[in-house]
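One structure below.
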Amino acid sequence: PSAAGLYRKLTQNPETGDEESFYTKIVNLYHEIKMNNPETIEKIQDVPKRIKVIKKSEENEMFVFFKKNRLFVKQAVEEENKINVTETSLEMILDKIVCQPETASFRIDENFWRLYEKVKQNDERPTVPTSAISIEKNALGVIDFLLRQKENPDLLLLKPFLRTLREDILDYGTLSDYTLRRIANLSNNHSGIDIGKAIIEFGELEKELGRNYLDQEKNKQYPDKEIIIAIENRNK
Numbered sequence: 364p365s366a367a368g369l370y371r372k373l374t375q376n377p378e379t380g381d382e383e384s385f386y387t388k389i390v391n392l393y394h395e396i397k398m399n400n401p402e403t404i405e406k407i408q409d410v411p412k413r414i415k416v417i418k419k420s421e422e423n424e425m426f427v428f429f430k431k432n433r434l435f436v437k438q439a440v441e442e443e444n445k446i447n448v449t450e451t452s453l454e455m456i457l458d459k460i461v462c463q464p465e466t467a468s469f470r471i472d473e474n475f476w477r478l479y480e481k482v483k484q485n486d487e488r489p490t491v492p493t494s495a496i497s498i499e500k501n502a503l504g505v506i507d508f509l510l511r512q513k514e515n516p517d518l519l520l521l522k523p524f525l526r527t528l529r530e531d532i533l534d535y536g537t538l539s540d541y542t543l544r545r546i547a548n549l550s551n552n553h554s555g556i557d558i559g560k561a562i563i564e565f566g567e568l569e570k571e572l573g574r575n576y577l578d579q580e581k582n583k584q585y586p587d588k589e590i591i592i593a594i595e596n597r598n599k
């Protein structure tokens with residue numbers, strides 16, 4: 364909703380005292396931002412439906428918000444080399460995502476994508492056939508493997524395009540089944556991934572799609588498109 368619409372919604376009288384306490388907290392926060400940083404309220408009008416950010420915090424964790432009709436919140440925490448994803452709520456984690464204008468932010472990196480991918484895979488999507496999910500997962504596996512490689516200079520040139528493909532698979536879904544299969548088929552369970560063959564295949568795919576092909580999709584306006592906001596708290 365617009366900032367004004369959000370304000371009207373937040374100031375509606377809730378049914379219970381607990382809700383009123385939470386909404387009052389939100390409204391006070393809104394007023395504080397409006398008073399001290401009015402430009403932030405103006406910027407809300409034009410923010411995209413996919414937002415990713417890493418901010419400095421006392422803990423290491425990620426929160427991903429999914430909003431289409433209802434709001435769903437997932438939390439990802441890595442413990443003992445295992446990423447645990449659980450459901451939570453805005454009420455439970457509001458204090459963990461609030462920040463100040465001077466709060467340090469960091470560039471989106473591979474650790475962010477690792478957590479984000481795990482959350483998206485944990486997100487139940489019953490309308491998507493199991494076979495399609497499997498192809499996507501295999502394609503992501505190929506891309507993640509290649510992004511971890513650091514020695515090959517030809518592969519280094521392809522990494523921006525590989526990151527674009529990963530973002531597309533996780534957030535936009537514009538790639539055809541044929542294209543996803545081309546990527547997934549680069550992985551052989553017996554012999555692994557032939558990096559030379561993969562470089563050729565992704566080079567051809569980049570020529571076909573264009574290195575920045577996803578920008579056009581990002582610029583489209585879909586009123587009913589699901590909103591996904593990912594916030595990683597990082598202690599460093």
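The working numbering applies: residue 364 is where the sequence shown begins, and numbers increase by one.
Cβ atoms here follow ideal geometry from the backbone N, Cα and C, with glycine treated the same way.
### Query
Given I471, which residues of its chain have a CB within under 6 Å of its CB, disregarding the five upstream and five downstream residues?
Counted from its first residue, the sequence shown places residue 471 at position 108. In its chain, beyond the 5 residues on either side, K415 have a beta carbon closer than 6 Å to the beta carbon of I471.
#### Entry: Rounded distance between the beta-carbons of I498 and D540, thought under 8 Å
Here residue 540 is taken as the residue at index 177 of the sequence shown, counted from 1. Here residue 498 is taken as the residue at index 135 of the sequence shown, counted from 1. For D540 against I498, the beta-carbon gap comes to about 7 Å, under 8 Å, which counts as contact.
### Query
Apart from the five residues on each side of it in sequence, which residues of its chain come closer than 7 Å, Cβ to Cβ, to L518?
Position 155 of the sequence shown, counting from 1, holds the residue named residue 518. These residues qualify, in order along the chain: L509, Q512, I558, I562.
#### Entry: Counted within 10 angstroms of its Cβ, other Cβ atoms place K430 as buried (16 or more) or exposed
Within the sequence shown, the letter at position 67 stands for residue 430. With fewer than 16 other Cβ atoms within 10 Å, it is exposed.
### Task
Take L521 and list the residues in its own chain whose beta-carbon comes closer than 8 Å to its own, dropping the five residues that flank it on each side.
As a position in the sequence shown, residue 521 is number 158, starting the count at 1. Hits under 8 Å: L509, I562, F565, G566, E569.
### Query
In angstroms, rounded to a whole number, what distance separates the CA positions of P523 and T387?
For the purposes of this step, residue 523 is taken as the residue at position 160 of the sequence shown. For the purposes of this step, residue 387 is taken as the residue at position 24 of the sequence shown. Taking the straight line joining both Cα atoms gives about 44 Å.
### Query
Which of the three DSSP states, helix, strand or coil, is assigned to E571?
Here residue 571 corresponds to residue number 208 of the sequence shown, with the count starting at 1. In the structure shown, E571 sits in a helix (DSSP, three-state: H, G or I).
### Message
Can you find the residues in the same chain that come closer than 7 Å, C-beta to C-beta, to E443, ignoring five residues on each side of it along the sequence?
### Response
Indexing the sequence shown from 1 puts residue 443 at position 80. Counting only Cβ-Cβ distances below 7 Å, and skipping sequence neighbours, we find nothing.
### Message
For the structure I just gave you, are there three or more beta carbon pairs, one from the region 592-599 and one from the region 400-418, closer than 8 Å?
### Response
A contact exists between the region 592-599 and the region 400-418.
### Message
Once DSSP output is grouped into helix, strand and coil, what is the label at G536?
### Response
Indexing the sequence shown from 1 puts residue 536 at position 173. Note: G536 maps to coil in three-state DSSP.
### Query
Between L392 and the rest of its own chain, which residues show a CB-CB distance below 6 Å, the 5 nearest in sequence each way excluded?
For this step, residue 392 is matched to residue 29 along the sequence shown. Once the five neighbours on either side are set aside, L392 has no close Cβ partner at all.
### Task
Look up A593 in the DSSP assignment and say whether it is helix, strand or coil.
Within the sequence shown, the letter at position 230 stands for residue 593. Correct three-state label for A593: strand.
#### Entry: Whole-angstrom distance between L434 and L457, CA atom to CA atom
Locating residue 457 in the sequence shown gives position 94, where the first residue counts as 1. Locating residue 434 in the sequence shown gives position 71, where the first residue counts as 1. Going by the C-alpha atoms only, they are around 14 Å apart.
#### Entry: Spatial distance of K588 from V410 (CA atoms)
Indexing the sequence shown from 1 puts residue 588 at position 225. Indexing the sequence shown from 1 puts residue 410 at position 47. Going by the C-alpha atoms only, they are around 13 Å apart.
### Query
With which residues is E424 paired in a DSSP beta bridge?
For the purposes of this step, residue 424 is taken as the residue at position 61 of the sequence shown. In the DSSP output, where bridge partners are listed per residue, E424 has N596.
### Message
Please report the distance separating the alpha-carbon of E454 from that of V448.
### Response
Start at 1 with the first residue of the sequence shown, and residue 454 comes out as number 91. Start at 1 with the first residue of the sequence shown, and residue 448 comes out as number 85. Distance between the alpha carbons of E454 and V448: 18 Å.
### Query
What residue ranges within the region 425-475 form continuous beta strand (DSSP E) runs of no fewer than 3 residues, ordered along the chain?
434-442, 445-451
### Message
For Y576 and K500, I'd like the C-alpha separation in whole angstroms.
### Response
Taking the sequence shown and counting its residues from 1, one reaches residue 576 at position 213. Taking the sequence shown and counting its residues from 1, one reaches residue 500 at position 137. Those two C-alpha atoms are separated by around 21 Å.
### Task
Under 8 Å by Cβ, that's how I've got L549 and K483 pegged, so tell me the actual separation to the nearest angstrom.
Walking along the sequence shown from the start, residue 549 turns up at place 186. Walking along the sequence shown from the start, residue 483 turns up at place 120. Not a contact, Cβ separation roughly 21 Å.
### Query
Which whole-angstrom value is the C-beta distance of L478 and A502, which I expect to be below 8 Å?
Taking the sequence shown and counting its residues from 1, one reaches residue 478 at position 115. Taking the sequence shown and counting its residues from 1, one reaches residue 502 at position 139. Their Cβ separation, rounded to whole angstroms, is 19 Å, which puts L478 and A502 out of contact at 8 Å.
### Message
Going by DSSP, what residue range makes up the alpha helix (DSSP H) through K406?
### Response
Reading the sequence shown from its first residue, position 43 is the one you call residue 406. Looking at the DSSP string, the run of the alpha helix (DSSP H) that includes K406 is 401-407.
### Query
Smallest Cα separation from F475: which of I556, L525, F426, E421?
The residue given as residue 475 occupies position 112 in the sequence shown. Nearest C-alpha to F475: F426.
### Query
Start and end of the alpha helix (DSSP H) containing K581?
Counted from its first residue, the sequence shown places residue 581 at position 218. Unbroken alpha helix (DSSP H) run through K581: 577-582.
### Query
Taking the alpha carbon of P436 as the point to measure from, which residue in I446, E424, T451, E422 has its own alpha carbon closest?
Along the sequence shown, read from residue 1 onward, the residue named residue 436 stands at position 73. Before going further, note that residue 436 is Val rather than Pro in the sequence given. Considering only alpha carbons, the answer is T451.
### Message
Within a Cβ cutoff of 8 Å, which residues of the same chain sit near I505, ignoring the five residues on either side of it in sequence?
### Response
Residue 505 sits at position 142 when you count from the first residue of the sequence shown. The question names Ile, but residue 505 in the sequence shown is Val. Correct list, in chain order: I546, A547, L549, S550, I556, A561.
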